[in-house]
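If you're matching them up, the sequences are chains A and B in order.
In terms of full-length UniProt numbering, the first sequence opens at residue 1 and continues consecutively.
In terms of full-length UniProt numbering, the second sequence opens at residue 1 and continues consecutively.
The beta carbon of each residue, even a glycine, is placed where N, CA and C say it ideally should be.
Protein chains: 2
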Amino acid sequence: MTQLERSHLAIVRAVDQYGSLTAAAERLNLTQSALSHAVRKLEDQLGVALWTRESRRLRPTQAGEYLLSVANRLLPQLTHAEARLRQFAQGERGTLRIGIECHPCYAWLLKVVAPYLAAWPDVDVDVKQEFQFGGIGALFAHEIDLLVTPDPLYETGLRFEPVLDYEQVLVVGPQHPLRAAPFVQPEQLARETLITYPIAIDRLDIYTQFLLPAGIRPKRHKPIETTDIMLQMVASGRGVAALPRWLVEEYAPKLELTAVRLGTQGVTKQIFVGIRAADAQTAYLRAFVELGREHRN
Amino acid sequence: MTQLERSHLAIVRAVDQYGSLTAAAERLNLTQSALSHAVRKLEDQLGVALWTRESRRLRPTQAGEYLLSVANRLLPQLTHAEARLRQFAQGERGTLRIGIECHPCYAWLLKVVAPYLAAWPDVDVDVKQEFQFGGIGALFAHEIDLLVTPDPLYETGLRFEPVLDYEQVLVVGPQHPLRAAPFVQPEQLARETLITYPIAIDRLDIYTQFLLPAGIRPKRHKPIETTDIMLQMVASGRGVAALPRWLVEEYAPKLELTAVRLGTQGVTKQIFVGIRAADAQTAYLRAFVELGREHRN
DNA sequence: GATATGGATGAATACAGCTCATGGATAGCT
DNA sequence: AGCTATCCATGAGCTGTATTCATCCATATC
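Structure below.
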């Protein structure tokens, strides 16, 4: 009977965000009275209180919290749909919302984005790196349109495709004793300082695929945000790091770095790009995947 | 500038569904004129045609198709939110929307649902078995609240938990030569008729984990929809099937069936239930997971 | 050509939602 | 305690938007 309207979602969200009806009303370009009326009507029609009036403060009830979560989920999708429609209005434009879930993915992405932007001047590219529900969740929730990740998920209405195979190697500086070694064994890192990106150990390949199986931990573990600084540190002998071989080779002209194989077999990795199956026909998305595949080398 | 309203989504969807403005108008309890005005205004404000008028038929444009996909995605979520709020209004009721992705899951589910319904008289249970984007996608899209599946997905805002470990066995009838065998080798099925549920071979464990690794295919492969009929067929000697051991044992009193281990090691499987992390606190959902865990046996 | 069907349009109208004006409650301050 | 500022509630009245009504136009069908 009651139709939950967009305005209702907007109200719930604004009240939560600004803390009071008065403040929310201002943001929504309404009078406080209008909001009060609207809220009352909504609650009447639903038959649930969405807020409890504690003196002069509004505290959301359980139902209010629920409706808020719905609003936070759906409103962004509505605004994005509007934006997308406006892009249709301006000819075939688009926004490619890319999510990335691993640091080497970012370096790879940078290389692909440049030619993509050149080929698709009318498409904007947006990159997001933080997801409440993980990259896969962001794809499903339409927060992003394309995911770059080392962990694909098959058969679910998503399409994943490998775009890059690479070898994860140990990077050492010019003074380092391992410099000339053909490969490194886990034990040889027991007395080293290991520099990594600041993410959980169970998401770092050097741990999961190399150190932990051998039961080894490095002497010290230092997290660093950016690749550049990380490699500067390595070059100056402050520690060693694990990175893709191609990434190390790119820095080789600038910094004196050596890549050493991890174990006798080496640690190999893949990067994938995933899109929603429903988007598989969208030209500017498709094009990115194909461009990525060409960059496989 | 233009606010995309719920009514707009409803219009787009109704027009698609009923094929004409006139028919859609009737369904929406509006006059044809009202719809025509509304459509015109929407298109004006968006600056895009949503339909091309071909003589007297409306064909959606690309933008129209897009908006339709948005509508089909968001409208169900809105209506479900309304339903959920109405449930809040009636005290702590709820609807538990369960999705299942495997046939043995269904048999297991039946066993758990009965005590659950008894313990939560105010909660309705809904079971869905078909998902456009797979079970995981349905969870993310809020089509279901709980997924029963053999394939969990960790770290993405979803919580999976194993609820049942079981052994997948070969079921044979009372006349069958394998009846007394301690286990069966893949080659021994080369001259058999294999009865399975009607799903793709790469989702059938007996193929992926037993036959295909050995390069064997059964003489005949017969798909059957229901477990009961399947086991009737097996009991009457028309073929063999692969099912969970516990399921076979349940039918043992009624039908003369024998379970034979697949290979020397046996094929072991797990069933998991998954929920959205955001729902982990919802009492009636939590209760189901816990009830499921107790039924592990 | 006659008829049926479906969409468009302009003017009239009805009603939902807004504003205005005001009142009550409470927290914070002096 | 009193004073004041802040916030929400309420009713009456207004306004604008969405709807209807009446009508017209286009085209497919027979």
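- For secondary structure counted as the alpha helix (DSSP H) over 4 or more consecutive residues, the stretch 230–256 of chain B holds these complete runs in sequence order: 245–251.
- In the structure shown, H295/B falls within a coil segment according to DSSP collapsed to helix, strand and coil.
- Taken through DSSP and simplified to helix, strand or coil, Y166/B comes out as strand.
- Pairing P213/B with V184/B, the inter-Cα distance amounts to about 15 Å.
- Taking 7 Å as the cut-off between beta carbons, the residues of the stretch 124–156 of chain A near chain B are Q132, F133, G134, I136, G137, F140, A141, L153, E155, T156, in sequence order.
- A straight line joining the alpha-carbon of V15/B with that of P174/B spans about 58 Å.
- Among the CB atoms of chain A, none fall inside 8 Å of the CB of L212/B.
- For a Cβ distance threshold of 9 Å, residue set L85, R86, F88, A89, Q90 of chain B lies close to G47/A, ordered along the chain.
- Using a Cβ-Cβ cut-off of 7 Å, T2/B is close to E82 of chain A, given in chain order.
- Under the DSSP definition of a beta bridge, Q265/B lacks any partner.
- As for any alpha helix (DSSP H) of minimum length 4 sitting wholly inside the stretch 57–107 of chain B, the runs are 62–89, ordered along the chain.
- Beta-bridge pairing by DSSP links V273/B to V148/B, E161/B.
- Interface residue (Cβ-Cβ distance to chain B less than 8 Å): E65/A is not classified as such.
- Assignment of A190/B by DSSP, reduced to helix, strand and coil, places it in the coil class.
- At a cut-off of 8 Å, the C-beta of S236/B has no neighbouring C-beta in chain A.
- Per DSSP, R217/B lies in no alpha helix (DSSP H) segment and is marked neither H nor E.
- Against chain A, the CB of E161/B has no partner CB under 8 Å away; the residue lies outside that interface.
- Looking at the DSSP output, I195/A shares a beta bridge with K222/A, A241/A.
- No Cβ of chain B is located within less than 8 Å of the beta carbon of E101/A.
- By the rule that beta-carbons nearer than 8 Å mark a contact, V70/B touches chain A.
- With fewer than 16 other beta carbons inside 10 angstroms of its own, L110/A counts as exposed.
- The stretch 151–161 of chain A makes contact with the stretch 259–274 of chain A: 3 or more CB pairs, one atom from each, lie closer than 8 Å.
- A straight-line Cα-Cα distance of about 28 Å links D228/B and I136/B.
- Within chain B, the residues placing a beta-carbon under 9 Å from that of A278/A are S69, Q132, F133, ordered along the chain.
- Two segments are said to touch when three or more pairs of C-beta atoms, one from each, lie closer than 8 Å; by this definition the stretch 75–88 of chain A touches the stretch 64–84 of chain B.
- From the beta-carbon of R6/A, the residues of chain B found nearer than 8 Å are Q3, L4, E5, R6.
- Between the stretch 126–135 of chain B and the stretch 199–210 of chain B, the count of Cβ pairs shorter than 8 Å is below three; the stretches do not touch.
- According to the DSSP assignment, T282/A belongs to no alpha helix (DSSP H), since it is labelled neither H nor E.
- In the three-state scheme derived from DSSP, where H, G and I count as helix and E and B as strand, E43/A is classed as helix.
- For the options R56/B, L170/B, V113/B, the alpha carbon positioned closest to that of A235/B is the one of L170/B.
- D124/A: member of the beta strand (DSSP E) spanning 123–128, first to last residue.
- Contact between L21/A and L58/A holds: their C-beta atoms lie close to 7 Å from each other, under 8 Å.
- Between F88/B and A63/A, the C-beta gap is smaller than 8 Å, which places the two residues in contact.
- Contact annotation: V125/B and R93/B have beta-carbon atoms that are not nearer than 8 Å.
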